[in-house]
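Number of protein chains: 2
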Amino acid sequence: MYKGGSHLSTTPNMEDYLEVIYMMFEEKGYARSTDIADHLDVLPSSVTKMMKRLDEQGLGVYEKYRGFVLTSKGKKIAKDIVDKHQTLEDFFRVFEIDSDNIYEEVEGIEHHIGKETTHCISSLVQFFENHPEIRKSYLEYRKKL
Amino acid sequence: MYKGGSHLSTTPNMEDYLEVIYMMFEEKGYARSTDIADHLDVLPSSVTKMMKRLDEQGLGVYEKYRGFVLTSKGKKIAKDIVDKHQTLEDFFRVFEIDSDNIYEEVEGIEHHIGKETTHCISSLVQFFENHPEIRKSYLEYRKKL
Ligand SMILES: [Mn+2]
Ligand SMILES: [Mn+2]
Numbered sequence: 001m002y003k004g005g006s007h008l009s010t011t012p013n014m015e016d017y018l019e020v021i022y023m024m025f026e027e028k029g030y031a032r033s034t035d036i037a038d039h040l041d042v043l044p045s046s047v048t049k050m051m052k053r054l055d056e057q058g059l060g061v062y063e064k065y066r067g068f069v070l071t072s073k074g075k076k077i078a079k080d081i082v083d084k085h086q087t088l089e090d091f092f093r094v095f096e097i098d099s100d101n102i103y104e105e106v107e108g109i110e111h112h113i114g115k116e117t118t119h120c121i122s123s124l125v126q127f128f129e130n131h132p133e134i135r136k137s138y139l140e141y142r143k144k145l
Numbered sequence: 001m002y003k004g005g006s007h008l009s010t011t012p013n014m015e016d017y018l019e020v021i022y023m024m025f026e027e028k029g030y031a032r033s034t035d036i037a038d039h040l041d042v043l044p045s046s047v048t049k050m051m052k053r054l055d056e057q058g059l060g061v062y063e064k065y066r067g068f069v070l071t072s073k074g075k076k077i078a079k080d081i082v083d084k085h086q087t088l089e090d091f092f093r094v095f096e097i098d099s100d101n102i103y104e105e106v107e108g109i110e111h112h113i114g115k116e117t118t119h120c121i122s123s124l125v126q127f128f129e130n131h132p133e134i135r136k137s138y139l140e141y142r143k144k145l
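Structural data, given as C-alpha cells:
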C-alpha cells in the first residue's frame, strides 16, 4: 500500500521524467519538451505540466523555448534513478532472469528500492561476476529446483 | 514509465486489496469491508468501490453485509502477490539488507516482478540458505566494497 517513490518528495512518474531528462541533459546539457514527450510517449501538455512541477520543487529550471535544465538537486535524484535502473538491468542479466518484460519490471522496481538495497543488489551482481564458479553453481542449483 | 501491476488486468492498488483479502480469506473464509478498511487504512467507501470493481472483474463476490469472497481466479492472483511478498521479505533477510523501509520497499516491488523473476529471487535465497559458506563469503565481499 506504499504509493511514493524511493525519495519521499518524488513520485514514480516524476522519477521517470527525471530519468529521461538526465539522459538528455548528459548528452546535450538541456532537455526539450518535444523530445521528452516523444521519449515518454506522452502529450506535450503533460510534459509542460511536469516541468513546471519539477521547477517548483527546485529540481530544474523550465524555460519555455529552451526546455528544461536540471539543478544539482534534480541532477542528484535523477542520477540515483539512472543508477538503480542500471543495477537492476545488471541483476537481470547476471542472474539470467528469463522474463519477457525485463524493461517493464526494471522500470517498475527502480522507484521502490532505496540506496542500501541498490547497493546490496549491485554488490551481489559484482560478487557473482567475480566468482564465475559460484554463478555456475547457482544456475545449476536453480535448474534442479 | 510502466504503470501496471505484474498482471495485465490488475493495478498495484487492486493487488494490495487482493493481498489483504487473501489473508483474511485464509483465516476466516471471507473478508469484511470494515476489517479491510482498518487494515489498509482507507475509507470504507474506498473499500466498497474496490470490492465492486474486483467483483466486476470476476475476482470475487461482493455481498453487502457478509463482505467479500474470492473466486478461484481471484484467489490465484492474490496468492501470487502473497508469495511475491514472502519471497522479497526472505531476500531482504537472507541478504541482510539494512534498509529502514523494508516493508515499504517490499510493498512497492511486489507489484512489478513477474513469475520468472520471483522464481529466480526465491532460488537465489534458497541457494544462499543452503550454502552458508557462500553467504558468508558474499557478506565479507560486500563489506570490503
Ligand atoms: Mn528506468
Ligand atoms: Mn505485500
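In order, the protein sequence lines correspond to chains A and B.
Okay, so the first sequence: first residue is 1 according to UniProt numbering, each after it adds one.
Okay, so the second sequence: first residue is 1 according to UniProt numbering, each after it adds one.
Every residue gets a Cβ at the ideal spot worked out from N, C-alpha and C, and that includes glycine.
Would you call the stretch 70–79 of chain A and the stretch 74–92 of chain B in contact, with 3 or more CB pairs under 8 Å?
Short answer: they don't touch.
**Report entry** Per DSSP, cross-strand counterpart(s) of residue 68(A)
**Finding:** In the DSSP output, where bridge partners are listed per residue, residue 68(A) has 31(A) and 62(A).
request  = Measure the alpha-carbon distance for residue 145(B) versus residue 117(A) and round it to whole angstroms.
outcome  = Using only the alpha carbons, I get a separation of about 14 Å.
Discussion item. Tell me whether residue 96(A), by its Cβ, gets closer than 7 Å to a heavy atom of ligand 2.
Written reply: No, the beta carbon of residue 96(A) sits no closer than 7 Å to any heavy atom of ligand 2.
Contact belief for residue 110(B) with residue 76(B) at Cβ below 8 Å, rounded distance in angstroms: That belief does not hold up - the Cβ atoms of residue 110(B) and residue 76(B) are roughly 16 Å apart, past 8 Å.
Taking one C-beta from the stretch 10–17 of chain B and one from the stretch 36–55 of chain B each time, how about it: are there three or more such pairs within less than 8 Å? Output reads yes: the stretch 36–55 of chain B touches the stretch 10–17 of chain B.
>> Tell me the residue span of the alpha helix (DSSP H) that contains residue 121(A).
In response: 115–130 is the extent of the alpha helix (DSSP H) around residue 121(A).
Task: Given residue 33(B) as reference, the closest of 64(B), 13(B) and 80(B) once Cα atoms are compared - done: Answer by Cα proximity: 64(B).
_Am I right that residue 66(A) and residue 30(A) are in contact with their C-beta atoms under 8 Å? What's the rounded C-beta distance?_
Your pair residue 66(A) and residue 30(A) checks out as a contact, with CB atoms roughly 6 Å apart and the cut at 8 Å.
For residue 13(B), the three-state DSSP class (helix, strand or coil):
Residue 13(B) falls in the helix class under three-state DSSP.
**Request:** Helix, strand or coil for residue 56(B), going by three-state DSSP, please let me know.
**Result:** If DSSP states are grouped into helix, strand and coil, residue 56(B) belongs with the helices.
Quiz item: Out of 38(B), 99(B), 124(B) and 119(B), which has the shortest C-alpha to C-alpha gap to residue 99(A)?
Solution: When each option's Cα is compared against that of residue 99(A), the closest is 119(B).
Between 42(A), 97(A), 59(A) and 10(A), which has its C-alpha nearest residue 123(B)'s C-alpha? Of all alpha-carbon atoms in 42(A), 97(A), 59(A) and 10(A), the one lying nearest the alpha-carbon of residue 123(B) is that of 97(A).
Counted within 10 angstroms of its Cβ, other Cβ atoms place residue 58(A) as buried (16 or more) or exposed: Residue 58(A) is exposed by the Cβ-count criterion.
(message) Relative to the C-alpha of residue 10(B), which candidate in 81(B), 36(B), 40(B) and 133(B) has its C-alpha closest?
(response) Among 81(B), 36(B), 40(B) and 133(B), the Cα nearest to that of residue 10(B) is on 81(B).
Check whether the Cβ atoms of residue 68(A) and residue 141(B) sit closer than 8 Å, and answer yes or no. No, the Cβ-Cβ distance between residue 68(A) and residue 141(B) is not below 8 Å.
Should residue 56(B) be labelled buried (16 or more other beta-carbon atoms within 10 Å of its own) or exposed? Under this definition residue 56(B) is an exposed residue.
* For residue 105(A), does the count of other Cβ atoms within 10 angstroms reach 16, so buried, or fall short, so exposed? -> Taking a 10 Å sphere around the C-beta of residue 105(A), we find 16 or more other C-beta atoms and assign the residue as buried.
Alpha carbon to alpha carbon, how far is residue 113(B) from residue 131(B)? Give it in angstroms, no decimals.
Distance between the alpha carbons of residue 131(B) and residue 113(B) is about 25 Å.
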